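Residue numbers (our numbering), protein chains in the order written: chain R, 51 to 479; chain E, 14 to 377; chain P, 456 to 715; chain Y, 656 to 925. Just so it is clear, CB atoms sit at the ideal spot from N, CA and C, and this is done for glycine as well. Being a predicted model, the structure only gives us computed values, none of them experimental.
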Amino acid sequence: MARRTINVDVLARVEGEGALRLVVDGAVLREAELRIFEPPRFFEAFLRGRSYTEVPDITARICGICPVAYQMSAVHAMEDALGIVISPAVRELRRLLYCGEWIESHVLHMYMLHAPDFLGYDGAVEMAADHPGIVQTGLAIKKVGNAILKLLGGREIHPVNVRVGGFYRVPAKRELGSLRDDLKRALEASLGTVKLVAGFEFPDCERDYDLVALGEAGEYPFNAGRVVSNKGLSITPAEYDAHFEEYHVKRSNALHSRHVGAGAYLTGPLARYSLNAALLSPLAQQAAKEAGLGPTCANPFRSIVIRAVEVVYALDEALRVIDAYEPPDRPYADAPLRAGIGYACTEAPRGMLYHRYEIAEDGSILDAKIVPPTSQNLPSIEDDLRSFAPGWLSETNDRLRHLCEQTIRNHDPCISCATHFLKVEVVRV
Amino acid sequence: MSYHPSMIGLDGLAALIEALSVDGFRVLGPTVRDDAIVYDDIAGVDDLPAGWTDEQDGGRYRLKRRDDSALFGYAVGPHAWKRFLHPPLLRLWRAEPDSAGMKLTAAPEPEERFAFLGVRSCELHAIAIQDKVFLQGPYVDPHYKARREGAFLVAVNCGTAGGTCFCASMNTGPRATAGFDLTLTEFTGEFLVEPGSDAGAALLARLPQRAATEADIERARAVSERTAASMGRHMQADGVHDLLLDNLEHKRWDDVAARCLSCGNCTQVCPTCFCTAVSDVNDLSGATERTRRWDSCFSVDFSYIHGGSVRPSPRSRYRQWMTHKLASWVDQFGTSGCVGCGRCITWCPVGIDITEEVRAIRGG
Amino acid sequence: MAKPPRKPKLAVWKFASCDGCQLSLLDCEDELLAVAGAVEIAYFPEATRAVLKGPYDISLVEGSVTTQHDAERLLEVRRQSRRLITIGACATAAGIQGLRNFKDVREFTSVVYAHPEFIETLETSTPISTHVEVDYELRGCPIDKHQLLEVLTAFLNGRRPNIPAHSVCVECKARGTVCVLVRGAAACLGPVTHAGCGAICPAYNRGCYGCFGPKETPNAVSLAPRLVDAGMDKTGLGRVYRTFNPVADAFKKESERHGT
Amino acid sequence: MVPVPFRIAKVIREIPGVYTWHLKSLDGKPFVYRPGQFNMVYQFGVGEIPVSISGDCREPDTLVHTIRAVGPVTNAMQQLRAGAVVGIRGPFGRPWPIDEVVGSDLIFVTSTIGLAPLRGLIHEVLHRREDFGKVVVCYGTRGIDDIMYEADLHKWRARFDMHVHLTVHSAPSGYRGRVGGVVAAIRAAQVDWPSAQAFVCRSETLTRQAVDTLAGLGVTKDRVWVTLERNMQCAIGLCGHCQIGPTFVCKDGPVYRYDQIEPLYSVREF
Ligand SMILES: Cc1cc2nc3c(=O)[nH]c(=O)nc-3n(C[C@H](O)[C@H](O)[C@H](O)COP(=O)(O)OP(=O)(O)OC[C@H]3O[C@@H](n4cnc5c(N)ncnc54)[C@H](O)[C@@H]3O)c2cc1C
Ligand code: SF4
Ligand code: SF4
Ligand code: SF4
């Protein structure tokens with residue numbers, strides 16, 4: 051077979067702009083390079099000198115798909131730095147807000163971005179022509195996730211209600227209650243989603259990942275826990291920098307991240323699930339079982355099933371929070387300003403999101419470090435390509451290209467997030 | 014016909030709210046929300062702002078505790094009753110393409126009837142002014158009419174004047190004289206109730222009460238007198254019509270334009286401002302819906318005609334607002350457009366004060 | 456009304472941005488399929504792999520220009536587009552990444568990247584209108600999805616979009632919110648900020664932070680002392696106007712007035 | 656108030672960018688109005704704008720509007736063909752004061768599209784021709800391609816009982832008609848100035864110029880009638896947009912006696 055170069059100039063159905071370059075020499079894969087050409091936006095640099103109060107609003111703008119994740123990591127890091135203890139009600143409301151984001155983001159990914167791969171369409175709109183019911187169900191569940199974000203956050207994208215210490219305004223019990231019926235309906239529908247995606251055909255591709263997620267929190271992780279791995283890691287977020295490092299690859303606007311001494315690692319649904327499956331609600335566990343998921347999962351193509359299970363969980367959890375909700379006396383907690391360093395990891399839909407801030411005495415930011423899940427996952431995504439693509443080299447260019455795209459989409463990479471990040475592309479030489 | 018005043022207690026007030034809702038009214042009244050006294054649905058006496066008062070000044074409003082538990086011991090807040098009679102957003106009609114070309118369906122009017130509890134004298138005058146605008150000209154606004162008809166008004170004579178009130182100088186208060194079904198004057202734990210309509214008298218007859226004495230009536234009069242004497246602001250209103258129209262190029266307009274944000278807050282809080290804009294929104298199925306929303310003469314598009322706005326400068330827009338309120342309104346509707354409620358002063362973010370602006374123009 | 460013979464082609468383009476504005480289109484859960492029915496989605500990588508060749512009837516452009524490559528790509532987008540509509544603060548006023556315009560980008564690069572020499576970027580983040588002619592600018596960080604639908608239907612129907620340029624206060628009052636500035640709860644940019652969001656922030660008990668950019672005839676100078684009364688200091692004033700719409704004229708001037 | 660659907664029966668292209676519609680109500684009801692009144696004309700899905708009624712009020716089965724394409728709505732309307740349906744609300748506003756001018760000489764002063772609001776009045780005057788003295792129309796346009804209602808003008812010029820002074824600002828050489836401004840055409844009119852009544856329909860600045868010319872000839876301002884234009888949304892005095900001081904152009908106007916409106920006219924941005 052001749053040398054082939056396959057370029058996917060613009061990776062579709064991922065958030066942000068990247069490209070893939072595969073260089074195939076006869077039956078050998080020479081190169082598998084994911085290039086992120088999303089231009090850099092320098093968040094860490096211009097956060098310097100801003101007030102700590104502005105950080106949740108500013109970092110939200112790193113990503114329109116998971117702004118809540120940025121707000122959550124930011125406020126927890128600030129609270130860590132300032133010694134602010136949030137009330138249990140605020141903790142619960144933050145879980146609820148995150149549920150909204152997981153639902154919205156996972157459903158967007160499953161139905162609009164990922165399912166078309168399995169069902170053989172270019173996109174959800176094309177898919178809707180043949181399967182209107184599927185797309186409508188997806189949109190209906192997604193809408194409920196957005197309804198949580200809108201009620202609690204003020205709007206779906208870049209919510210305005212999150213502040214260090216809690217919220218600007220907390221909802222009345224009655225307001226939250228208004229979501230209940232829609233959540234119940236969506237929960238019902240989400241069980242159908244699990245069945246639907248569990249029925250897709252998955253290539254038999256397992257890898258021995260170094261899976262990293264929050265864990266040991268006594269709850270399926272959103273905002274709390276230690277950083278743990280399936281290889282025995284267990285550290286606090288404050289120790290993150292000692293165990294993980296970012297490095298810069300040529301021609302990439304995205305930084306990559308590696309586990310010191312161990313190399314590539316993976317965060318996200320696969321990791322979250324494999325490390326915390328027992329903490330899912332009974333209903334979600336049941337759904338996982340029926341979908342054929344074991345206690346752990348190492349096939350990235352099956353991540354869509356885990357997302358579906360996590361949506362069941364998020365809807366279930368949202369209902370639990372709403373039913374138990376009592377408004378706190380104060381919408382937020384505060385503490386006197388002091389200089390300090392704060393760390394936080396929270397679980398964005400795509401994986402773990404690390405923030406570290408150094409704050410001066412007057413509350414201005416001296417230094418910021420943000421490591422988004424996609425940066426952490428990039429090396430593993432490239433490794434996926436390197437280990438799976440050789441088995442597909444007999445496929446046509448189109449099919450190969452599509453399979454590779456799908457391999458990338460498995461991880462729902464968010465290139466917008468990752469830039470403070472790189473470039474991607476594919477070639478057959 | 015003349016009606017007889019009575020005295021009721023808190024139980025009587027509770028019975029009043031109860032009776033109104035039994036009669037099918039949606040009872041709206043003052044309640045505390047977001048650190049202010051706003052008008053909203055009232056289920057009972059407990060929803061009323063017991064023991065609260067407000068401090069008001071240009072661009073400033075603060076809720077404060079009183080040292081008693083008066084229910085109506087504050088002046089008017091950010092909301093005016095117009096938000097119910099003349100809602101900020103109203104669907105008018107929907108047009109859909111059909112075989113004949115298009116089918117138009119008017120949006121239905123609500124069937125609920127309002128009962129307003131705690132309407133101040135200035136507000137009664139404001140409602141009367143909007144009645145003139147919407148009901149008594151050559152054209153009637155059916156939307157206002159549907160909401161206004163059958164509304165039951167329970168007035169309260171103010172026992173406290175706010176820091177920005179000047180109803181006394183506009184002859185619109187503080188004592189309610191007309192346009193209500195019932196009026197209350199609050200003493201501690203007790204109210205003098207005076208009917209102003211047959212419906213009011215009939216409702217009063219259903220409440221636990223005792224006959225009012227001369228002394229009660231005298232006490233109520235004293236409340237109003239005390240309030241009148243403590244007005245936070247004064248407007249020298251005589252001749253203001255000619256004063257403004259003769260001074261359309263006064264330099265004060267430039268001065269106020271430098272401060273004015275042209276944000277439109279004054280027009281939105283004013284209980285008499287009535288301007289609206291319509292907008293058509295089509296959905297992708299081809300249907301169009303027309304809505305009407307409060308507009309403001311402070312926006313550039315308000316006076317847009319082909320080629321540009323008639324009033325592009327904030328100066329001309331402020332001048333339009335004030336001369337309309339205090340002067341051309343008189344020509345249009347036979348009454349001033351200002352009832353001295355002070356809202357435009359309090360709720361102007363930069364505290365521009367209509368009484369002060371008049372004083373400045375008068376001053377030379 | 457006669458139906459156009461073919462469906463207009465819609466393209467969605469991305470420059471430096473967070474994707475939030477284009478996501479607004481996918482967030483139109485109730486209307487998305489109707490939109491897809493009314494237009495041909497010809498280029499929208501976030502939603503579909505399918506790519507139709509230009510020219511496009513309507514192009515929605517998100518993001519600001521921060522690289523030479525993007526500046527060139529934008530010229531091509533303009534050539535291919537009958538109507539070009541910018542969506543959001545990045546495309547309209549440089550966005551948060553426009554903060555680089557006031558700093559040394561090389562220094563920025565070295566803060567974020569180990570190998571600044573790998574990064575190709577321009578010194579500035581610039582709005583789309585700096586580079587090409589724009590037919591309509593939709594405000595917001597992010598845009599409001601109802602406004603996006605309004606702009607799309609307006610262009611499809613050949614009418615003027617109904618997007619008022621007055622203050623956020625007008626929406627705030629319609630919503631029945633008690634003014635946070637006057638009641639002393641927060642410093643609020645509502646009086647100088649362009650409406651469109653529905654006055655969300657005051658309804659959530661905080662001041663508007665200006666994400667829709669300046670309104671028509673804004674008077675930030677007069678508002679400034681009131682923001683100070685409400686607790687903002689001079690550097691805070693400088694910063695608040697230099698956030699999501701840093702190069703919008705009135706905001707830029709006001710921020711500079713406070714010495715930032 | 657909900658618009659009533661009317662069907663466009665005929666479209667006449669008057670001059671480039673100006674078109675006249677003949678409209679029929681879908682339910683066949685006659686449309687009763689008086690010259691000088693206007694309608695709110697609504698194009699489905701596009702917008703609603705005020706437009707004067709330009710037809711003959713004695714033919715209430717046909718509603719006539721002449722529209723100049725200047726912006727989004729009027730441009731979209733220009734695309735409509737016979738058979739399309741538009742919405743009509745109206746008639747609104749005060750008509751020309753025809754009964755008040757009985758017995759006088761009448762002079763009409765207007766240019767280009769300004770003839771549209773006057774056309775119905777001229778028709779009515781001709782129907783009641785014996786009620787009036789001399790009738791003179793002074794009509795100016797930029798060039799010979801801007802002359803509207805040519806058929807009407809032709810008929811009017813043929814009548815012995817009225818004078819039409821048509822003047823164009825510039826014309827190709829060989830043009831046999833009058834060339835020059837409207838002011839000169841007014842001066843050329845032969846009416847009894849001390850008692851004549853004038854109807855002026857031009858832009859606000861040009862109106863002032865015409866009024867001054869008429870005043871110089873002896874037509875006092877209480878005998879000059881004008882129409883005004885302001886933003887209108889409800890057209891029934893409830894939305895506030897069309898105010899000029901005390902007056903609502905939609906219900907107190909659009910026709911005004913000049914002496915009554917002059918003080919408002921002269922204030923900048925009022
Ligand atoms: C009483 C009256 C009679 C008129 N008679 C005629 C006539 O016979 N023939 C004719 O060609 N024109 C007439 N006009 C002018 C006509 O209404 C405007 O040219 C038209 O509104 C322009 O709309 P547009 O969208 O095409 O353009 P633009 O001027 O760009 O207008 C944009 C938008 O602004 C608004 N707008 C602009 N002007 C007005 C206005 N005056 N009132 C309300 N909204 C406005 C509309 O919403 C319009 O869609 C009349 C105006 C008035 C007030
Ligand atoms: S102008 Fe001001 S004081 Fe007068 S009624 Fe309106 S809001 Fe009240
Ligand atoms: S809260 Fe802000 S937006 Fe609302 S009225 Fe007050 S100043 Fe305006
Ligand atoms: S209130 Fe201001 S900051 Fe908040 S969403 Fe609206 S425009 Fe943006």
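With contacts defined as CB atoms closer than 9 Å, E:T196 and E:V206 qualify as a contacting pair. If only complete runs of 3 or more residues are kept, the stretch 701 to 788 of chain Y shows the beta strand (DSSP E) at 702 to 707, 718 to 723, 740 to 747, 761 to 766, in order along the chain.
Shortest Cα-Cα distance from E:F200 to any of E:K264, E:L84, E:G37, E:H247 involves E:L84. Between R:L329 and R:S240, the alpha-carbon positions lie close to 19 Å from each other. If you draw a 10 Å sphere on the C-beta of R:E376, you find fewer than 16 other C-beta atoms in it, and that means exposed. Shortest gap from the CB of R:N211 to any heavy atom of ligand 3: 8 Å or more.
Apart from the 5 residues on each side of it in sequence, E:L166 sits with its Cβ closer than 6 Å to the Cβ of F129, V132, F193, D194 in its chain, given in chain order. Looking at the backbone, the Cα of E:C354 and that of R:N211 are separated by about 34 Å.
By the Cβ neighbour-count rule, P:N612 is buried, with 16 or more other Cβ atoms within 10 Å of its own. Annotation for P:L682 indicates a beta carbon at 8 Å or more from all heavy atoms of ligand 4. Y:G795 sits buried, since 16 or more C-beta atoms from the chains shown fall within 10 Å of its C-beta. Within chain E, the residues whose beta carbon sits less than 8 Å from that of P:G492 are L297, listed in sequence order.
Across the structure, Y:A731 and P:A466 are spaced so that their CA atoms are roughly 24 Å apart.
Straight across, the Cα-Cα distance linking P:S472 with P:E517 is about 7 Å. A straight line joining the alpha-carbon of Y:G892 with that of Y:I708 spans about 19 Å. DSSP places R:Y148 in the helix class (H, G or I) of the three-state scheme.
Put simply, the backbone Cα of P:D559 is about 15 Å away from that of P:T581. Here the alpha carbon of R:G133 sits roughly 7 Å from the alpha carbon of R:A385. Taking C-alpha positions only, R:Y120 is separated from P:C643 by approximately 24 Å. In the structure shown, Y:T868 falls within a helical segment according to DSSP collapsed to helix, strand and coil.
When C-beta distances to chain P are compared with 7 Å, the residues of the stretch 80 to 100 of chain R below that value are P89, P90, R91, F92, E94, A95, F96, R100, in chain order. If you draw a straight line from the Cα of R:H309 to the Cα of R:N326, it comes to about 20 Å. In the three-state reduction of the DSSP assignment, E:C357 falls in the helix class, which pools H, G and I.
Residue-level contact by beta carbon fails for P:R712 and chain Y, as no gap is shorter than 9 Å. A straight-line Cα-Cα distance of about 20 Å links R:L72 and R:F351.
For P:N660, at least one C-beta of chain R is nearer than 9 Å to its own C-beta. Distance from E:W334 to E:F311 at the Cβ level is roughly 7 Å; contact confirmed, criterion being Cβ atoms closer than 8 Å.
Residue nearest to P:E671 within the set P:V625, P:E605, P:L507 is P:V625 (criterion: CA-CA distance).
Contact between E:R265 and E:V89 fails: their C-beta atoms lie close to 27 Å from each other, not under 8 Å. Proximity of P:A629 to chain E, defined by a Cβ-Cβ separation below 9 Å, is satisfied.
By the criterion of at least three beta-carbon pairs nearer than 8 Å, the stretch 216 to 224 of chain E is not in contact with the stretch 146 to 161 of chain E. Counting only Cβ-Cβ distances below 8 Å, P:E626 has no contacts in chain R at all, with the closest Cβ about 13 Å away.
By the Cβ neighbour-count rule, E:D229 is buried, with 16 or more other Cβ atoms within 10 Å of its own. R:E104 belongs to the set of residues whose beta carbon lies under 9 Å from a beta carbon in chain P. Taking R:T346 as the centre and dropping the five residues before and after it, the same chain places the C-beta of S324 closer than 6 Å to its C-beta, in chain order. Closest in C-alpha terms to Y:H818, from the list Y:F763, Y:A839, Y:H824, Y:V792, comes Y:V792.
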